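Below is one structure, written out as structure tokens; the observations come after it.
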Amino acid sequence: MSSPQATPVRLSAQEALVGAMVVMSACDGHMTDAELATMSRLVKELPVFSDFHVSGIETVTEIVLNLLGDTDGLDEVVALIRDALPQRLRETAYLLACEIVAADGDATQDELRFLQDFRIGLDIDRLVAGAIERAAKARYQVI
């Protein structure tokens, strides 16, 4: 059953992109400072968020975390994100999720499992997803 909210939750495309970052961060049971900082930085820097205020992250986080508390919460969140995004922005959502995984170093098994489920839920080609994952990993390499 859905969360006990009076109205169905709907997200704008920008909120859905933030939701992709939030659910990725929360999927392993905790949101790290590095992940939160990365979310804020991406919202401030990326053109897709040009008219989205960083304070909106908190609102989206609350929505996502409430939904994740439901029995089928993860599936609900992925469907909510997918339905809010035009096809051309689904790869962007996947990229943002990968950025969050890469932000704090090594990916956990929970994060890797979720990424696979997220890719399938967004209907992203496996080869495209692999390229996105590799690019995100390359961006966060250290010497």
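For the sequence shown, the working numbering begins at 173 and goes up steadily by one. For every residue, glycine included, the Cβ atom is placed at its ideal position computed from N, Cα and C. Computed from a predicted model, the values in this text were never measured in an experiment.
Supposed close pair residue i, residue j - CB separation, criterion 8 Å
i           : j           : result
residue 296 : residue 193 : At roughly 16 Å, the Cβ-Cβ gap does not stay under 8 Å, so residue 296 and residue 193 are not in contact.
residue 275 : residue 206 : 5 Å
residue 183 : residue 264 : The Cβ separation is near 14 Å, so there is no contact.
residue 338 : residue 266 : A query on residue 338 cannot be resolved here, the shown segment of the chain reaching from 173 to 315 and no further.
residue 252 : residue 191 : 7 Å
Range of the contiguous alpha helix (DSSP H) that encloses residue i
i           : result
residue 286 : 281-294
residue 195 : 185-198
residue 264 : 259-275
residue 213 : 205-217
residue 255 : 245-256
residue 298 : 298-311
residue 228 : 228-240
Minimum C-alpha distance to residue i - residue among the options
i           : options               : result
residue 228 : 283, 185, 267 and 288 : 185
residue 283 : 262, 202 and 214      : 202
residue 204 : 220, 261, 310 and 278 : 278
residue 232 : 217, 212, 243 and 262 : 212
residue 234 : 197, 261, 220 and 256 : 197
residue 181 : 313, 249 and 200      : 249
residue 230 : 209, 243 and 242      : 209
residue 133 : 243, 220, 199 and 286 : Since the displayed the chain opens at 173 and closes at 315, residue 133 lies outside it and no answer follows.
Beta-carbon proximity list for residue i, same chain, < 7 Å, skipping 5 on both sides
i           : result
residue 246 : 240
residue 224 : 186 and 215
Nonlocal neighbours in the same chain, by C-beta distance under 8 Å from residue i, ignoring five residues either side
i           : result
residue 262 : 254, 294, 295 and 296
residue 298 : 291
Cut-off 6 Å between Cβ atoms - residues of its own chain near residue i, not counting five sequence neighbours on either side
i           : result
residue 174 : With a pLDDT of 49 at residue 174, under the threshold of 50, the predicted position of this residue should be treated as unreliable, and no value is reported.
residue 195 : 236 and 249
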